[in-house]
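Participant: Going down the list, the protein sequences come from chains A and B. Per the numbering used here, the first sequence runs over residues 300 to 429. Per the numbering used here, the second sequence runs over residues 300 to 429.
There are 2 protein chains.
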Amino acid sequence: MAEEIQRSCVATRVRRLNRQITRTYDELLRPLEMSGAQLTLLVGIALHPGVKAVQLGKALDLERSTLSRNLARMVERGWVREKAAGAAVELHPTSAGLDALRCAYPAWLEAQKRAALKAAQLEPLLQRKA
Amino acid sequence: MAEEIQRSCVATRVRRLNRQITRTYDELLRPLEMSGAQLTLLVGIALHPGVKAVQLGKALDLERSTLSRNLARMVERGWVREKAAGAAVELHPTSAGLDALRCAYPAWLEAQKRAALKAAQLEPLLQRKA
DNA sequence: CGGGTGACGTTGTATATGCAACACATGCGT
DNA sequence: ACGCATGTGTTGCATATACAACGTCACCCG
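1) Please report the distance separating the alpha-carbon of A384(A) from that of R315(A).
2) Using three-state DSSP, classify P330(B) as helix, strand or coil.
3) Do L328(A) and L338(A) have their beta-carbon atoms positioned less than 8 Å apart in this structure?
4) DSSP state of E381(A), grouped into three classes?
5) Which stretch, first to last residue, makes up the alpha helix (DSSP H) that contains A418(A)?
6) What residues in the region 309 to 327 of chain A have a beta carbon less than 8 Å from any beta carbon of chain B?
7) Compare the C-beta of K412(A) with all C-beta atoms of chain B and state if any pair is closer than 8 Å.
8) For W407(A), go through chain B and note every residue whose CB falls closer than 8 Å to its CB, in chain order.
9) What first and last residue would you give for the alpha helix (DSSP H) that runs through R376(A)?
10) Between which residues of its own chain and L397(B) is the CB-CB distance below 7 Å, once the five residues before and five after are set aside?
11) Using 8 Å for Cβ pairs, my map puts A352(A) next to L366(A). What's the rounded Cβ distance?
12) Name the chain A residues whose beta carbon is nearer than 7 Å to that of M300(B)?
13) Rounded to a whole number of angstroms, what is the C-alpha to C-alpha distance between Q319(B) and D360(A)?
14) So, for T311(B): in the same chain, excluding its five sequence neighbours on each side, which residues have a beta-carbon less than 7 Å away from its beta-carbon?
15) Is the Cβ of R329(B) closer than 8 Å to any Cβ of chain A?
16) Just the Cα atoms here: how many angstroms apart are R322(B) and C402(B)?
17) Any idea which residues DSSP pairs H391(B) with across the strands?
18) Considering Cα atoms alone, identify which of P392(B), Q305(B), Y324(B), Y404(B) is closest to E375(B).
19) How about V342(A): is its C-beta nearer than 8 Å to some C-beta of chain B?
20) On the DSSP letters alone, give me the boundaries of the alpha helix (DSSP H) that G349(A) sits inside.
21) Is DSSP giving D360(B) helix, strand or coil here?
22) For the candidate residues A415(A), A410(A), G349(A), whose alpha-carbon lies nearest to that of A387(A)?
23) What residue range is occupied by the uninterrupted alpha helix (DSSP H) comprising A386(B)?
24) Thinking just about the alpha-carbon of each residue, which of M333(B), E381(B), Y404(B), E302(B) is nearest to the one in V342(A)?
25) Counting only beta-carbon separations shorter than 8 Å, does L425(B) have a partner in chain A?
26) In whole angstroms, give me the CA-to-CA distance for R372(B) and M300(B).
27) Along the region 380 to 397 of chain A, where does the CB come closer than 8 Å to a CB of chain B? Name the residues.
28) When you compare only the Cα positions, how much space is there between W407(A) and N369(A)?
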C-alpha cells in the first residue's frame, strides 16, 4: 500500500518537479529581485493591459486571495497599477514593469534551457500514472 | 517576447499544474487533517523506518529547513518520532502514523483518480517545451 | 589533545498558496 | 426604494517552500 503510493503518487512527483523548476527560475531571476510567480503575472498583464484580476486568476488557476497578495507586492515594486472598476480591479503594466520584463528575458531563456533537462522527468511521471 | 513566455514557459505550466494537483489531494485528505506533503513524508518514513532526515530530503529534493519544519508538525501530531543519531536525526513512524496512513489510502486512491484527468495537461506541456 | 572543516539541523525572514470569513458593490425583483 | 443574491476583493490564519545565518556534532589532521 505504502509501496504503491511511493511508486505512483502523482502529487509527490508533480510537487517535487515543481520545487526543482521553481528553484531554477527563482535563482536566475533573483538578481532582478523577481520571482517566477511574479514573472508569470507580469507577462499576463503586459499582454492584456486592463485585464480584470479575476480573469487573470482564472487563467492561471490561482486562488483570489493569493493573486491579491501577489499583485500587492508588484504594485509596491512599481511594476503594476491597479485601477478600480466597480467591484473589480483592472490591471495595467507600468513602464517600469515593461522594463523589468525586458530585463528578465535573458534570465528566463536560460532558466527555460535548464528546465528542459529536468522536464525529461515528466515523461516517466506520465508513464507510471497509467 | 512576452508572447513567447506566455506560450512556452515551463515554470508557469508546472506551477499551475502543481496548484491543481495539490488542491485535489489536500481537499480529499482534509477530513483526516493530513496534507499531501505530509502523506508523502509519512509514506517515505513508513517504508524506511530509521531513515536519516537528510536522506529523505535528498530523495524528495526538499530543502533542509522545509523538511525540518514539516517533520515538526508531524511529530506534534504523533505520527513520527525523531531519534537523535549524532548530528543527524533518524525518523520512525509511530503506530498512530501507520494508522493514519491506512486511513488515508482510500482518499489517496480517489485523488489519484481525479489527478489522472488533470495530468493529461502534462502532455501539451511537454510538447510545447520543444 | 586542539583546532579546523564539513555535515546536519534550527531559526529568522520572506514569498506562495489556500480556506474561511468578512466587506462591499452591483444588479435584480418586488 | 428595499432587500437579497452574486460577484469580487481583502483579512486572518495556516501550511509549504527557500535562502541565509547560526549552532553543534563528528571527524580528521597535525
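Just so it is clear, CB atoms sit at the ideal spot from N, CA and C, and this is done for glycine as well. Since this is a predicted model, take the numbers as computed values, not measurements.
Facilitator: In terms of the structure at hand:
1) 39 Å
2) helix
3) yes
4) strand
5) 394 to 418
6) V309, A310, T311, V313, R314, R315, L316, N317, R318, Q319, I320, T321, T323, Y324
7) no
8) I304, C308
9) 363 to 376
10) A345
11) 6 Å
12) Y404
13) 7 Å
14) none
15) no
16) 19 Å
17) R380(B)
18) P392(B)
19) yes
20) No alpha helix (DSSP H) holds G349(A); DSSP gives it neither H nor E.
21) coil
22) G349(A)
23) Neither: A386(B) is in no alpha helix (DSSP H) and is coded neither H nor E.
24) E302(B)
25) Confidence at L425(B) is low in this model, with a pLDDT of 49, below 50, so its placement is unreliable and no value can be given for it.
26) 43 Å
27) none
28) 19 Å
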